[in-house]
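Novice: If you read the protein sequences in the order shown, they are chains A and L.
Each residue of the first sequence is one higher than the one before, starting from 1 at the first, in this note's numbering.
Each residue of the second sequence is one higher than the one before, starting from 1001 at the first, in this note's numbering.
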Amino acid sequence: MRCVLVCLAVVAVAAPAFADDVDPQIRDAIAKVKPSDYPSANVVTVISDQQVVYDADGKFTNTNHMARLVLTPAGKAEVATIPLAYARDAEKMEVLQARVVKKDGKVVPVAKSDIQDTEQSGDMNIYDPNGRAVKVTFSGVAVGDVVDVTFKLTRETPTRAGFFNDIFQFQSQEPMLEASYAVDGPAKLPLTAVVYHRERAPKIDETKTPAGDRIHYKWQTFKSAQLVPETAMDESNELPMLVVSTDPSWEHFSKWWSEVTAPQIETTAEMKAKVKELTKDAKTDDDKVKALYDFVAQDIRYRGLGVGPRTGYTPRKASETYTSRWGVCRDVSILLTSMLREAGLQAYPVLTNVGDPVLPKIAYDGFNHAIVAMPKPGGGWRYLDPTAKNAADMLPGMEAEQDTLVTTAKGEPLTRIPAAAPTSNLGHAVAATTIHPDGSMSSKVTLETHGMFDLVVRSTAAMMSEDQQRELVEEALHYALPDAKIVSIKLSNALALFEPMTVTVEIEVPDAAPKTGDYRLARTLVTSGALGLVENVLPRVFGAQPARKYGLDARLPFEYDEDETISLPDGTKLVALPNPAKVSSAVTQVVASCEQKTATTVACHRSFQLKSRFIDTEQYKSLRGALASLGQIARQPVILEGGK
Amino acid sequence: MRSFIYIAALALVGCHGHDSAKPNAQAKAQAADPWAKHDDTAVDPKDPDLARMVALATGAPGTLEYPQADAVVALDRDDITLKPDGAVVHHHKSIVKILDAQRGKEKFADVHVPFDSKRQTLDIKIARTVNADGKPHAAAPEEIGDIVPPRLADATIYSDVRERVVSFPAVDKGSVIELEYTRTTNATPDAPMGGEELLGDWDPILERTVTITAPSGIEPRLAVAGVELKPTESDTAAGHMWTYTLAKQPDRHEEHSSPVDAAVLPRVVFGFQDSWSKVLDPIAARFVKAAVPSPIPDAVKQQADQLVAGAANEADKAQRLFAFVAHDIRSVDLPLGWAGYEPHAPDVVLANRYADERDKVGLLLALAAAEGIHGQPIAVRTGNVPVIASVPTIAQFDRLVAKLTIDGNDVWLAPSDEHAQYAVVTSGQDNLVLPLVPGGAEVGKRPLLDPSTSVASSTISYVLSPNGDVDAKMAVDMTGYYADVTTRELRPLKGEMLDQWFQEQAVSHYPAALDKHHEVGDTMSVSGLKLATDVAMPGYSATQGNVRVFELPEVGIGMEMPDASLSVRKYPLEVGTPRTEKGDVTVQVPAGWKIAYVPPKLEGGAEGVSYTHTCDAKGQTVTCHVEVKLDKLVIAPEQYAAYHDALAKLKAYERRVILLVKA
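Structural data, given as structure tokens:
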């Protein structure tokens, strides 16, 4: 009996003594959660609760309670600081509580000096004087502790007067023990809600409770698994996600932005003169479009500034952007729209999202980019992105298959930009190679580019001097052919936007076919993988994992072809060529072959085609197989007799 | 005042610009278009800079003279004046003509000027653009704002350093921009009383001037590195002035893997104190008093006792104390001096569990002192920039490390690197360092580390199946730099995240590879790291007729040799800390195949690198051994060709293949 009492006393001493106001979920987590429960996590989210109150005028408050338990030493750094961004001219940010709950139950409040209101960091060349961040630094954090913070964002100037919308994730890169989103809103401005991928979350409890002239909505889930992200996944499209909105339709949203942008679309005298000057030699409407696009894309630098209440939706006046020669996407879209209209062409600003497609079922603030649309004669839209300054197609390939909202006075539905054919994003390397009797090699290769290949090569070339371009090519060549020497290099003018972008390189390799026993092993430009964008890059970018849980978003379909004619010295006996490969599926196609054409000529061809931007988990296996087959033949040289 | 006038002028231009209905609108529009050329440009005699800018905007030099340049810097002038009250006034003025539409704007159109909002004041006097029309366009108030530099995003708790971003309006190819500002550093014990200015840049500079002015009775210490240049001297109202001028500097282009600009471009280093003891006076005693108070606070003593309990010897104690500070105190990355030089008290740092390197070094010294271990804070310079002994100023140093005396030996420690290994400090090698010792009077030389301090040793076994599949087992033992780099990647990874990392490593060697199993040693260790992997490589060595080629992967895991991909270099190659890579490889060949070729023995090297590579075939087994030593921090351009050739030989295809023929 005495032993039992002693043991109980020990337990009583060892159990954490929590302050009264520590949330029971936090106490429970500190007591029960072990790192081994979550083998891939450094931190567990114990509580992720948001309580939102919105009013009919669109103003709202969001009180966010986050509690995170540190599982590992690496987790300490992940929770150590939290930046709470806000816009000073439209929002207020208050930290209601910030503290560390130690694993022994002790509560250490964050000192006032550790809560700072600071400027933001000017990301993306956007310097908004009203862009601020309240930074909370938690001191004394150790493994086993919980950082516990509650902050309140008050939106004093609504993005859209009279409307409210929001999104909430039920899964994150940390396991979540409890997540809830509660909204209190006026009955006369009710919420529409959609939960995407509900089946990927644990059970989501959902309630809707009228209370006088208000309605209280709540969504809550427990024990949401950790998301282990995969490369090239569309997180917002793959995760269980709640979207709430009071907006009646996308058309309504379109109409609203049209009203916001309309006063900014203008042409001043100098702009009129500029349009006239730029289009004076244009013979067709397309010539006019190219001339105006070229001007806006090349001459307006990407630089942003907050304008008015920081909505992110209010563009500067076209004339301001024109005069200052800087602007962000919304500004340049308005300028190009204005100039196109001045030239007598129909054009409209467009909202879109670079990256993940927009969640389509109800209208909400799901955009991060603005471009321009022009109606096509037979229906549909032609899109132009004037922030992509080196896009010869005027719309980068990776913006195809994105959702767009063209903004017109009557309002437009959410529309998806059609998929592009793989050959519209084509890279094609053509090499003529000669192996000399002494084993050296000379070769001339030309790379022709279209679509995204053009954009990537052009952008890279534009940002480098000729010396640096040469260095880059040399570095790439030396990856596969360490002793290659560049004889000449020629790039077309990257700034001549509508001229084809080509790269022509002549090289010499002193010992391209070294003697190895009785043989020579020849590695040419194609057979060495020196031009092997697909073999060298894509396996790591897209094909590293043997299987995926989520779909792969390659951003665009494309094709990359390599052709090489290899001339061998007279009398050379060919022992073996790289093996052929042919793989075809719904999403990829690989063709590789080397054939002896004459006694001294070999022709090698390799082609990789990615047929689809979106690749599901089953299709991924065939993509990986295709990449693997290219990896295999990349290790197979041309084998010649004549060693020793 | 001048700024105000230009802003008013800009507003006026804007008003006219909206008047599109009047006759002759196009002519007026051209007048408002900053790129329209005019013959009637009037030059204000009171504004000679404007005349110079107009001349530049409408004439040479341009892309004809500098076809590859992003811009041509017509004037780049820095005037640094020590005031009698100890304040330092830095006046900057530059005039730049943009030559390249994209690169030029990227580099010059949005300028970031750093300043410490607590210790300095910054006054932007002129920020304007002139184009072919000759009219100045001043940056509007909303085009000048302050940001937290991205690298300090997590360090605002420590530092008041900000950047004032000046965005020039109406900038395009051919624009000429002028920037003039004054930054005043108040006289405080934390003022570095010196600094350095680059005398060159990557773009061509027509006129580069740096002046140093000191009041009567103070003679600054001055030195120039990277170019032969003597100052001219003159007397001014503010004192005696030393002027360095370099004219007509050529267009230059950075190369990959070069050391930092200060190690490559010419620079002038200046200090207003006449000895290292004067530099140390206001810093060292304060540092030691704050960091290692007497007596040591109880909390620090208790922590130290707890950490060293059961330690076998003094080295064991030091290792435990170092591991605690490195791992348990979160590092806030901040260059030395950006938050002053006086550390927080060690018990405060201990309680906070976060610290910049000044505080981490301070806490380590306090913990060591609590256990009777003597130590010193040492200021070092990173980036292979030589410290100049003749110019005493703390501004020559950008990092702080600790040196403990263990069993009579110096042990260098870098606790601000959370992944650092015990007794391996890579910064400040082969350079002068400054011990922050009260009463100290000199800099000391820190030698180069031996390549044996950082070793990656791999043992790899390949078993080739008759169908071309390969099973690869690899074990890697890493110390020093290698352990630091790999720990940095692996420590945050667990479970599926770690699985992904190993799979990505496997695929980087061979696209079809599958990581079957992996093991990771203790990523919290400060004395090395071990890894082991078992990888399947289906179809790795396929048959080509009667022949198979077996390609030996590069030694190491995720590590590559220093970048020697350029054939020639104009600037030095940064190699990094001295280190050694070793590999022992066996390849088991299936029955029915004869080993027809293995790479012949190769021994060689050049300045900075030496290696041996041997392979032998016995029966169905090939064994290879490779060892590469790198023993220079930097390879000079004149030594680079030999270095490149040596590595190209080592990487040559015939050194990486085994040839098999059907028996």
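C-beta atoms are modelled at their ideal positions from N, C-alpha and C, and glycine is treated no differently.
Note that this is a predicted model, so its numbers are computed, not measured.
#1: Would you say Thr-408/A reaches chain L, if we count a Cβ-Cβ gap shorter than 8 Å as a contact?
#2: Determine the direct distance from the alpha carbon of Pro-1343/L to that of His-1439/L, and round the result to whole angstroms.
#3: Quick one: list the residues of chain C neighbouring Met-463/A, beta-carbon separation under 8 Å, in chain order.
#4: Which of the three DSSP states, helix, strand or coil, is assigned to His-1137/L?
#5: With burial defined as no fewer than 16 other Cβ atoms inside 10 Å of the residue's Cβ, what is the status of Val-10/A: buried or exposed?
#6: Taking buried to mean at least 16 other C-beta atoms within 10 Å of its own C-beta, is Asn-1467/L buried or exposed?
#7: Answer yes if the stretch 211-227 of chain A comes into contact with the stretch 530-537 of chain A, meaning at least three C-beta pairs across the two stretches below 8 Å, and no otherwise.
#8: Under 7 Å between beta-carbons, which chain L residues line up against His-478/A? List them in chain order, please.
#9: His-1327/L touches chain A at which residues, Cβ-Cβ below 8 Å?
#10: 8 Å is my cut-off, CB to CB: does Thr-1156/L come that close to chain A?
#11: Run through chain L and tell me which residues come within less than 7 Å of Asp-299/A, C-beta to C-beta.
#12: How far does the alpha helix (DSSP H) with Arg-27/A in it reach, from first residue to last?
#13: Hey, does Lys-389/A have any beta-carbon neighbour from chain L nearer than 8 Å?
#14: Counting only Cβ pairs nearer than 7 Å, list the residues of chain L close to Asn-579/A.
#15: Does the CB of Gln-1026/L have a neighbour CB from chain A at under 8 Å?
#16: Considering only residues of the same chain and omitting the five flanking positions on each side of Val-1361/L, which have a CB-CB separation below 8 Å?
#17: Show which residues of chain A have a CB atom less than 7 Å away from the CB atom of Gln-1500/L.
#18: Let me confirm a value: Phe-453/A is counted as buried when at least 16 other C-beta atoms fall within 10 Å, else exposed. Which label applies?
#19: With a Cβ-Cβ cutoff of 8 Å, do Ala-420/A and Ala-461/A count as a contact?
#20: Following the continuous beta strand (DSSP E) through Glu-1342/L, name the residue where it begins and the one where it ends.
#21: State the DSSP-derived secondary structure class of Gly-1528/L, mapped to helix, strand or coil.
#22: Nearest-angstrom Cα distance between Ala-1036/L and Val-372/A?
#23: At the level of alpha carbons, what is the spacing between Ser-1461/L and Ala-626/A?
#24: Given Thr-1614/L, which residues of its chain have a CB within under 7 Å of its CB, disregarding the five upstream and five downstream residues?
#25: Would you give the residue range spanned by the alpha helix (DSSP H) that Asn-237/A belongs to?
#26: Determine the extent of the alpha helix (DSSP H) in which Ser-459/A is found, giving its start and end residues.
#27: Less than 8 Å separating the beta-carbons of Ala-1127/L and Ala-1138/L?
#28: Under 7 Å, CB to CB, which of the residues in the stretch 1054-1081 of chain L have a partner in chain A?
#29: Measure the C-alpha to C-alpha separation of Ala-232/A and Phe-558/A and round it to an integer number of angstroms.
#30: Inspect the beta-carbon positions of Gln-226/A and Glu-174/A and report whether they are closer than 8 Å.
#31: So which residues of chain L does Ala-576/A contact, with C-beta pairs closer than 7 Å?
#32: Say whether chain A places a C-beta atom closer than 8 Å to the C-beta of Lys-1601/L.
#33: Exposed or buried, what is Leu-96/A when buried is set at 16 or more other beta-carbons lying within 10 Å of its beta-carbon?
#34: From the beta carbon of Gln-1249/L, is the nearest beta carbon of chain A less than 8 Å away?
#35: Kindly indicate if chain A contains any beta-carbon less than 8 Å away from that of Lys-1594/L.
#36: Examine chain L for any beta-carbon lying closer than 8 Å to the beta-carbon of Gly-517/A, and answer yes or no.
Specialist: The structure says:
#1: With 8 Å as the cut-off, Thr-408/A does not count as an interface residue toward chain L.
#2: Checking the displayed sequence, the identity of residue 1439/L turns out to be Gly instead of His. Spanning the two alpha carbons is a distance of roughly 18 Å.
#3: Protein chains A and L are contained in the structure displayed, whereas chain C is not.
#4: When DSSP states are grouped into helix, strand and coil, His-1137/L belongs to the strand group.
#5: For Val-10/A, the predicted structure reports a pLDDT of 38, less than 50, and the residue's modelled location is therefore unreliable. A value from the coordinates is still provided. Around the beta carbon of Val-10/A, a 10 Å sphere encloses fewer than 16 other beta carbons of the protein chains shown; the residue is thus reported as exposed.
#6: Exposed, because fewer than 16 other Cβ atoms sit within 10 Å of the Cβ of Asn-1467/L.
#7: No: the two stretches stay apart, fewer than three of their Cβ pairs being nearer than 8 Å.
#8: Within chain L, the residues near His-478/A are Ser-1565.
#9: Ordered by position in chain A, the residues that pass the 8 Å Cβ test against His-1327/L are Pro-73.
#10: By this cut-off, Thr-1156/L is an interface position.
#11: Simply Asp-1172.
#12: Looking at the DSSP string, the run of the alpha helix (DSSP H) that includes Arg-27/A is 24-32.
#13: The beta carbon of Lys-389/A falls within 8 Å of a beta carbon belonging to chain L, placing the residue at that interface.
#14: Those within 7 Å of Asn-579/A in chain L are Ala-1542 and Gln-1544.
#15: Interpretation of Gln-1026/L is limited by its pLDDT of 43, a score under 50 that renders its predicted location unreliable; the figure taken from the coordinates is listed afterwards. For Gln-1026/L, the nearest CB of chain A lies under 8 Å from its own CB, placing it at the interface with that chain.
#16: Ala-1291, Pro-1343, Pro-1377, Leu-1400, Val-1401, Ala-1402, Pro-1415 and Ser-1416, listed in sequence order.
#17: Within chain A, the residues near Gln-1500/L are Gln-545.
#18: So Phe-453/A counts as buried.
#19: No, these two residues do not count as a Cβ contact at 8 Å.
#20: Element bounds for Glu-1342/L: n/a, residue is neither H nor E.
#21: DSSP places Gly-1528/L in the coil class of the three-state scheme, outside both helix and strand.
#22: Below a pLDDT of 50, predicted positions are generally treated as unreliable, and Ala-1036/L, at 49, falls in that range; the measurement from the model is reported next regardless. Between Ala-1036/L and Val-372/A, the C-alpha separation is close to 27 Å.
#23: Straight-line Cα distance between these residues: approximately 27 Å.
#24: Cβ neighbours of Thr-1614/L beyond the five flanking positions: Lys-1601, Cys-1624 and His-1625.
#25: 235-238 is the span of the alpha helix (DSSP H), which, as asked, contains Asn-237/A.
#26: For Ser-459/A, the enclosing alpha helix (DSSP H) starts and ends at 451-462.
#27: Their beta carbons are under 8 Å apart, which means Ala-1127/L touches Ala-1138/L by this criterion.
#28: Across the stretch 1054-1081 of chain L, CB contacts with chain A closer than 7 Å involve Gln-1068, in sequence order along the chain.
#29: Note on geometry: alpha-carbon atoms of Ala-232/A and Phe-558/A lie some 16 Å from one another.
#30: Cβ distance < 8 Å, so Gln-226/A and Glu-174/A count as in contact.
#31: Chain L residues near Ala-576/A: Gln-1544, Gly-1545 and Val-1547.
#32: With its beta carbon at least 8 Å from every one in chain A, Lys-1601/L lies outside the interface.
#33: Exposed, by the Cβ-count rule.
#34: Not one chain A Cβ lies under 8 Å of Gln-1249/L.
#35: No, Lys-1594/L does not count as interfacial toward chain A.
#36: Closer than 8 Å to some Cβ of chain L, the Cβ of Gly-517/A qualifies, so yes.
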